[in-house]
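Asks:
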Amino acid sequence: MRVPASYPMALLAALLALTPVYILITLASDASALFDSHNLKILANTLSLMVLTVLGAIIIGVPLAFISAYVHLPFKKVWLVVFAAPLAIPSYIGAFTLYAAFGPGGEINHLFGFQPPAMYGLSGAAIVMTLYTFPFVMMTTRSSLLSLDASMVNAARTLGMSMTMSVFKVVLPRVVNGIAAGSLLVALYTLSDFGTPAMMRLDTFTRVIYVEYNAFGLSRAAMLSLQLMVIVGILLFVESQIKTATERQGRPLTLFPAKWQLAAMFITFAPVLLLAIILPLAIFCLWLSRDGYAGFDFNIAWNSAYASGIAAIVAVLVAIPVAHAALTGKVGRIMERVTYFGFGIPGIVMGTALVYGGLQLPLLYQTLALLVIAYMLRFLPLAVGSIRTSTEYLDASLIKSARVLGASPREVFLRVTLPLTARGIVAGAALVFLESMRELEATLLLGPTGFETLSTYLWRVYEAGYFGRAAIPGLLLVLISACGLAIMLTGEKRSQLEH
Numbered sequence: 010m011r012v013p014a015s016y017p018m019a020l021l022a023a024l025l026a027l028t029p030v031y032i033l034i035t036l037a038s039d040a041s042a043l044f045d046s047h048n049l050k051i052l053a054n055t056l057s058l059m060v061l062t063v064l065g066a067i068i069i070g071v072p073l074a075f076i077s078a079y080v081h082l083p084f085k086k087v088w089l090v091v092f093a094a095p096l097a098i099p100s101y102i103g104a105f106t107l108y109a110a111f112g113p114g115g116e117i118n119h120l121f122g123f124q125p126p127a128m129y130g131l132s133g134a135a136i137v138m139t140l141y142t143f144p145f146v147m148m149t150t151r152s153s154l155l156s157l158d159a160s161m162v163n164a165a166r167t168l169g170m171s172m173t174m175s176v177f178k179v180v181l182p183r184v185v186n187g188i189a190a191g192s193l194l195v196a197l198y199t200l201s202d203f204g205t206p207a208m209m210r211l212d213t214f215t216r217v218i219y220v221e222y223n224a225f226g227l228s229r230a231a232m233l234s235l236q237l238m239v240i241v242g243i244l245l246f247v248e249s250q251i252k253t254a255t256e257r258q259g260r261p262l263t264l265f266p267a268k269w270q271l272a273a274m275f276i277t278f279a280p281v282l283l284l285a286i287i288l289p290l291a292i293f294c295l296w297l298s299r300d301g302y303a304g305f306d307f308n309i310a311w312n313s314a315y316a317s318g319i320a321a322i323v324a325v326l327v328a329i330p331v332a333h334a335a336l337t338g339k340v341g342r343i344m345e346r347v348t349y350f351g352f353g354i355p356g357i358v359m360g361t362a363l364v365y366g367g368l369q370l371p372l373l374y375q376t377l378a379l380l381v382i383a384y385m386l387r388f389l390p391l392a393v394g395s396i397r398t399s400t401e402y403l404d405a406s407l408i409k410s411a412r413v414l415g416a417s418p419r420e421v422f423l424r425v426t427l428p429l430t431a432r433g434i435v436a437g438a439a440l441v442f443l444e445s446m447r448e449l450e451a452t453l454l455l456g457p458t459g460f461e462t463l464s465t466y467l468w469r470v471y472e473a474g475y476f477g478r479a480a481i482p483g484l485l486l487v488l489i490s491a492c493g494l495a496i497m498l499t500g501e502k503r504s505q506l507e508h
């Protein structure tokens, strides 16, 4: 039996993706205790934050999904972008600005003379995480809503059921899977986030892992990392069991609200958009006008772009054989799924594992190469998914025709497959680049000495209390993230056109 040419590289990528787990297990074997009373507090804080965030995301995301899918709005496409816009702001930026704006001595207190409640602890972290994760629920629920046929709702209305009851008894039961899928994304994001709990001074797994690392407690950090990975693994397993409801697509439901109903919707959700989007941008603009940009070293932006660019190129080179292996057979699909493991490992956990790996390989320790490896392992699935999707839609007859005309497999790949899948390759590289630019945790742990990026500079400014210096890196990161959101929304639009 002939082994596909893509298998060796795909196998190497899969083994590399499993390396951090092996390192953590080795490190954790030296830990003095598997579980103690302090762990219970950390676990309680982490799970409480996750549950509160998921509930908040559902409460905000589901109604917004319904509005964006079914309600006839003026400038509807613009509103969809506005509703999804919080995804364009990394949660740690939101945490930074809300922490600086609220409480005694905050920017709101300074500008307007009244003192809003401070934003920190479990409540503050839950509010921030909800503001920046509810679009996950909105997008997955909206996708499910758009796939439903309006005839069942119309039938329920004909039989005397009110519109409100039709929504609860006919529509919502049919989109439970979409809500659940979005909720699991929110839960995974909450578990892996480091910046928000750290800035809100809440001891979760990610924050305590970072503290232990800085205290040279690598074994303890590894043990906590494995415990966090168990929770993440359970959620990933649950996510894999959720099956998207398949239903014959029909005419979508369209609702024409009265003016007072439109006004009520706006008044209800305006505070959410104000806190999630307007306030952070206003705070950064305030700092920029107050402190200027003369003190910012733009080489930091170049460092971010340079490291992220290399990571994007490396990720694409690794992703191409992995994506092709996934389309050639069951073994290839298994290897592809293994590479997704890195995406489920929080950045702080990946960083902890690779720090120890670097210590064993002095040539890699404190080098840009190790940081690029971390980026590649974390975001490889983004490139794999994009390339595999574009390859799946490739017309197989073109490849067969080239082979019949005498082209070798290598020539077919270079002259037929590669040009036709270029869009997926570019999109995958762009997503890896953008996510690498935003990555905070792994960069903090693995960045070479003196190598500052936009995200780590923002963190250092927060730690030092020089909030005004965060304006330029904050606005640049928001702009970069907005590009990632644009790619995502473009992908959604193209998917709808293809189906």
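Add 9 to a position in the sequence shown, counting from 1, and you land on the number used in this note's numbering.
Glycine residues also receive a C-beta, built at the ideal position from the N, C-alpha and C atoms.
Because the structure is a prediction, the values reported are computed rather than measured.
#1: Among Asp202, Gly301 and Ile329, which one has its Cα closest to the Cα of Arg216?
#2: Helix, strand or coil: how does DSSP classify Leu24 here?
#3: Would you kindly work out how many angstroms separate the C-alpha atoms of Leu15 and Phe92, rounded to a whole number?
#4: What are the boundary residues of the alpha helix (DSSP H) that Arg387 is part of?
#5: Out of curiosity, what's the CA-to-CA distance linking Val180 and Met59?
#6: With distances taken Cα to Cα, identify the nearest neighbour of Ser192 among Met138, Thr213 and Leu20.
#7: Spell out the partners DSSP gives Leu283 in its beta bridges.
#8: With 16 other CB atoms within 10 Å as the buried threshold, where does Ser417 fall?
#9: Quick test of your reading: Met385 and Val323, contact by CB under 8 Å. State the CB separation rounded to the nearest angstrom.
#10: Could you pull out every residue in the same chain whose Cβ sits closer than 6 Å to the Cβ of Met18, ignoring the five residues on either side in sequence?
#11: So, do the stretch 270-277 and the stretch 455-470 have three or more beta carbon pairs nearer to each other than 8 Å?
#12: For Ala110, does the count of other Cβ atoms within 10 angstroms reach 16, so buried, or fall short, so exposed?
#13: Alpha carbons only, please: which of Phe388, Leu368 and Val146 is nearest the one belonging to Leu227?
#14: Locate the alpha helix (DSSP H) running through Ala110, then write down its first and last residues.
#15: Please report the straight-line C-alpha distance between Met232 and Thr213, rounded to a whole angstrom.
#16: Helix, strand or coil, according to DSSP, for Leu494 in the structure here?
#17: Closer than 7 Å by C-beta to Ser100: which residues in its own chain qualify, once you throw out the five before and the five after it? Chain order, please.
#18: Identify, in the order they occur along the chain, each residue of the same chain with its Cβ nearer than 6 Å to the Cβ of Phe350, setting aside the five sequence neighbours on each side.
#19: Whole angstroms are fine: how far does the CA of Ile98 sit from the CA of Leu429?
#20: Check whether the Cβ of Gly169 lies closer than 7 Å to any heavy atom of the ligand MN, and answer yes or no.
#21: Among Leu389, Arg397 and Gly301, which residue has its Cα nearest to the Cα of Arg519?
#22: Counting along the chain, where does the alpha helix (DSSP H) carrying Ile354 start and finish?
#23: Measure the alpha-carbon distance for Leu33 versus Leu82 and round it to whole angstroms.
#24: With C-beta atoms as the reference, is Glu444 less than 8 Å away from Phe388?
#25: Mapping the DSSP letters down to three states, classify Leu194 as helix, strand or coil.
#26: Leaving out five residues before and five after Thr106 in sequence, what residues of the same chain have Cβ atoms less than 6 Å from its Cβ?
#27: Using a threshold of 8 Å, state whether the C-beta atoms of Gly433 and Ser395 are closer than that.
#28: What residue from Ile382, Gly415 and Thr426 has the CA that sits closest to Arg397's CA?
#29: What residues in its chain sit with their C-beta under 8 Å from that of Leu237, if we drop five residues either side in the sequence?
#30: Within 10 angstroms of the Cβ of Glu507, are there 16 or more other Cβ atoms? Answer buried if so, exposed if not.
#31: So for Leu264, helix, strand or coil by DSSP?
#32: I need the boundaries of the alpha helix (DSSP H) containing Tyr471, first residue and last residue.
#33: Do Pro95 and Pro144 come within 8 Å of each other at the CB atom, strictly closer than that value?
#34: Out of Pro29, Arg210, Leu244 and Leu336, state which residue places its alpha-carbon closest to the alpha-carbon of Val63.
#35: So what does Val80 bridge to, in DSSP terms?
#36: Buried or exposed, going by whether 16 or more other CB atoms sit within 10 Å of the CB of Pro371?
Replies: Result, derived from the coordinates:
#1: Selected option, being the one with the closest Cα: Asp202.
#2: Assignment of Leu24 by DSSP, reduced to helix, strand and coil, places it in the helix class.
#3: Note on identity: in this sequence residue 15 is Ser, with Leu being the wrong assignment. Going from the Cα of Ser15 to the Cα of Phe92 covers about 41 Å.
#4: Run containing Arg387: Leu377 to Glu401, per the alpha helix (DSSP H) assignment.
#5: Each residue's alpha carbon lies about 26 Å from the other.
#6: For Ser192, the nearest C-alpha among the options comes from Met138.
#7: Per DSSP, none; premise fails for Leu283.
#8: Residue burial is scored here from C-beta neighbours: Ser417 has fewer than 16 other C-beta atoms within 10 angstroms and is therefore classed as exposed.
#9: Yes, Met385 and Val323 are in contact; Cβ-Cβ is about 5 Å, under 8 Å.
#10: Only Pro330 meet the Cβ criterion.
#11: Contact between the stretch 270-277 and the stretch 455-470 is absent, because fewer than three Cβ pairs lie under 8 Å.
#12: Using a 10 angstroms sphere on the CB of Ala110, the tally of other CB atoms reaches 16 or more, which defines it as buried.
#13: Minimum Cα distance to Leu227 is reached at Leu368.
#14: DSSP places Ala110 in the uninterrupted alpha helix (DSSP H) bounded by Ser100 to Ala110.
#15: Looking at the two C-alpha atoms, the distance is approximately 14 Å.
#16: Looking at Leu494 - three-state DSSP - the assignment turns out to be helix.
#17: Answer for Ser100: Val137, Met138, Tyr141, Asp202, Gly204 and Thr205, listed in chain order.
#18: Closer than 6 Å at Cβ, skipping near neighbours: Ala26.
#19: Each residue's alpha carbon lies about 33 Å from the other.
#20: The ligand content of the structure shown is nil, which means the ligand MN is not present either.
#21: With the chain covering 10 to 508 only, the question about residue 519 has no answer from this structure.
#22: Ile354 -> no alpha helix (DSSP H), and no H or E assigned at all.
#23: When rounded, the separation of the alpha-carbon atoms in Leu33 and Leu82 is 51 Å.
#24: Going by C-beta atoms, Glu444 is nearer than 8 Å to Phe388.
#25: Reduced to three states, the DSSP call for Leu194 is helix.
#26: Once the five neighbours on either side are set aside, the close Cβ partners of Thr106 are Pro289 and Ile292.
#27: Cβ atoms of Gly433 and Ser395: closer than 8 Å.
#28: Of the candidates Ile382, Gly415 and Thr426, the one whose C-alpha sits nearest the C-alpha of Arg397 is Thr426.
#29: Result list for Leu237: Thr55, Leu200, Phe214, Thr215, Ile218, Pro355 and Val358, in chain order.
#30: Note that Glu507 scores 48 on pLDDT, short of 50, meaning its location in the model is unreliable and no value can be drawn from it.
#31: DSSP places Leu264 in strand when its eight states are reduced to three.
#32: Run containing Tyr471: Leu463 to Ala473, per the alpha helix (DSSP H) assignment.
#33: Yes, Cβ-Cβ distance for Pro144 and Pro95 is below 8 Å.
#34: If we check each option's Cα against that of Val63, Leu244 comes out closest.
#35: DSSP, once it has assigned bridges, lists Leu264 as partnering Val80.
#36: Classification of Pro371: exposed, given that the 10 Å Cβ count is below 16.
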